[in-house]
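Notes follow once the structure below has been shown.
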Amino acid sequence: MSEGFESEGKPTVAPAAAATTTPPPPRRPDAAAVGAARVGPGAGCANWAELAVGPPAHDEVACALSCSTAPGCALWNFRASEGGGCHDVGVSSCVLLPADLWAAGSRCVYQESPCWDLRTHPGALPASRLEPAGRPRLVAFAEARRRTCLDDSGWKIAVSHSDDSGKTWSSASFATEGKYARRFNPYSIALHSGKIVLLYGAATAAGQHRIGMVHSVTDGETWSAEADVSDQFGSASLSNPGPGTGITVSMPGGGERLFVVSHRGAYRYVSVTVSDDEGLTWRTLNTSFPAMDESTIASLGGGELLLAMRHEEMGTEGRAASRSSDLGVTWSPIEYNRELPSAICQGQLLHHDGALYFSGPLASKPGMFWRRRFLVVRRSDDGGRSWYGDRLVHLADSAGYSTMAPVTSSTLGVLFETDRGIEFSTVRA
Numbered sequence: 001m002s003e004g005f006e007s008e009g010k011p012t013v014a015p016a017a018a019a020t021t022t023p024p025p026p027r028r029p030d031a032a033a034v035g036a037a038r039v040g041p042g043a044g045c046a047n048w049a050e051l052a053v054g055p056p057a058h059d060e061v062a063c064a065l066s067c068s069t070a071p072g073c074a075l076w077n078f079r080a081s082e083g084g085g086c087h088d089v090g091v092s093s094c095v096l097l098p099a100d101l102w103a104a105g106s107r108c109v110y111q112e113s114p115c116w117d118l119r120t121h122p123g124a125l126p127a128s129r130l131e132p133a134g135r136p137r138l139v140a141f142a143e144a145r146r147r148t149c150l151d152d153s154g155w156k157i158a159v160s161h162s163d164d165s166g167k168t169w170s171s172a173s174f175a176t177e178g179k180y181a182r183r184f185n186p187y188s189i190a191l192h193s194g195k196i197v198l199l200y201g202a203a204t205a206a207g208q209h210r211i212g213m214v215h216s217v218t219d220g221e222t223w224s225a226e227a228d229v230s231d232q233f234g235s236a237s238l239s240n241p242g243p244g245t246g247i248t249v250s251m252p253g254g255g256e257r258l259f260v261v262s263h264r265g266a267y268r269y270v271s272v273t274v275s276d277d278e279g280l281t282w283r284t285l286n287t288s289f290p291a292m293d294e295s296t297i298a299s300l301g302g303g304e305l306l307l308a309m310r311h312e313e314m315g316t317e318g319r320a321a322s323r324s325s326d327l328g329v330t331w332s333p334i335e336y337n338r339e340l341p342s343a344i345c346q347g348q349l350l351h352h353d354g355a356l357y358f359s360g361p362l363a364s365k366p367g368m369f370w371r372r373r374f375l376v377v378r379r380s381d382d383g384g385r386s387w388y389g390d391r392l393v394h395l396a397d398s399a400g401y402s403t404m405a406p407v408t409s410s411t412l413g414v415l416f417e418t419d420r421g422i423e424f425s426t427v428r429a
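Each residue of the sequence shown is one higher than the one before, counting from 1 in UniProt numbering.
Put into structure tokens, the structure is as follows:
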């Protein structure tokens, strides 16, 4: 499925020494490509002590030493590994792994000899977004996380593009540079003119939360300098955009209205912010949605909008939804739809060729609504009131985040997050 635009290896660990009783697995051919500098066995892995971000270095060293002295341990991982996949379960999780797990393909596991310096690692790309810019180019965005897989390790916003309907992708570059210490939650909007507006959450070196924005008029090849639009977001200035893809709606008097959906903290409230001048200025609408989290919005035509929202009880109540029939000026009370994928996770709406689509994960087992599995795309022909026709995208436990864009009139592209990295697949519309 995935070609070209993948996570560059999840930098959760430095490599660990194989036990003498177990032959070490072959080193991955892409080990050097992840951007790590080879230190060599003579350095004794002293660079671990210099890691500025992530778990305490002495815990990682203790984990590595445990593996080196444990019979049968060929690999070690400072994040828990379940069924060959990588799952963050805490900053002090040391898991000793037998050699046969190497064949399972977990990119969070590395052989240890020699040591690699993680300080130079460019970061993993664990949260994916997809945006159609000037056809036929697809432009994808992701958080670039460095040193750990944790949500608070976003560093820059990475971008890649495909000119062959997602068969191959360019090497990842960065759309953001210079202004902030951290960046996360990319939220992209493609305008009819071909301009791409990219918003994201950000943090200064002092830890102050901001909302940043860049734009491109070159199909994602080059980007403007970072602008701070926090103050314009008003009551949503401390919220995070998306993550995902926003929309534009043609206005009756001409021009486009850009819509950004953002969430404040975990399950506090969701806000909708708009721009009527291609992102030069912004204003947040008066309506907010309490106890909601990551959300997605779609235009159904004729001024009608649908907002689908994550919340803590969606495993039993269904995903939350609200509608507007006047371009976002007013919104209906929150309702719940049990026909949408029910694992507690982000999801993405897409209106395409008269139908509405939603990508999101199902729960892996009844009652296990925090465990995401079976990433699917569902279709609605009545504006999101009923849903049918699962298109299976991915069958494995994963982080579950995804986004969509039309590839052809009959094909949808889905960019999604897996334990192997970021992958791309297509499904029928």
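Cβ atoms here follow ideal geometry from the backbone N, Cα and C, with glycine treated the same way.
- Taking C-beta atoms under 8 Å as the contact rule, R310 and M292 qualify, at a distance of about 7 Å.
- For E417, the enclosing beta strand (DSSP E) starts and ends at 411-418.
- In this structure, the straight-line span from the alpha carbon of P333 to that of D164 is close to 42 Å.
- A206 and L191 have their C-alpha atoms some 34 Å from each other.
- As computed with DSSP, D326 is found in no beta bridge at all.
- Contact check for T273 against R257 fails: the beta carbons are separated by 8 Å or more.
- With 16 or more neighbouring CB atoms inside 10 Å of its own CB, P186 falls in the buried class.
- Under the DSSP assignment, E335 falls in the beta strand (DSSP E) whose first and last residues are 335-337.
- K156 is classed as buried because its beta carbon has at least 16 other beta carbons within 10 Å across all chains shown.
- Nearest to T281 by C-alpha distance, out of A172, F141, F233, is F233.
- Measuring C-alpha to C-alpha distances from V261 to each of D219, V249, A308, D276 identifies A308 as the nearest.
- The Cβ atoms of S359 and V393 lie closer than 8 Å to each other.
- For the pair of segments examined, the stretch 159-173 was found not to touch the stretch 241-250: the number of CB pairs separated by less than 8 Å stays below three.
- Between V217 and the set V139, D151, F259, the nearest pair of CA atoms involves V139.
- With fewer than 16 other CB atoms across the displayed protein chains lying within 10 angstroms of its CB, T316 is exposed.
- Taking C-beta separations shorter than 6 Å and ignoring five residues to either side along the sequence, the partners of T287 in its chain run W331, following chain order.
- The beta-carbon separation of S398 and L412, rounded to 19 Å, does not stay under the 8 Å limit for a contact.
- Between S325 and the set G201, A203, A298, the nearest pair of CA atoms involves A298.
- Per the C-alpha coordinates, the member of Y180, Y269, S237, S295 positioned closest to S402 is S295.
- Residues Y267 of the same chain have their beta carbon placed closer than 6 Å to that of E312, with the five preceding and five following residues left out of the count.
- Cβ atoms of G389 and E417 stay farther apart than 8 Å, at about 23 Å.
- In the DSSP assignment, the residues bridged to L349 are F358.
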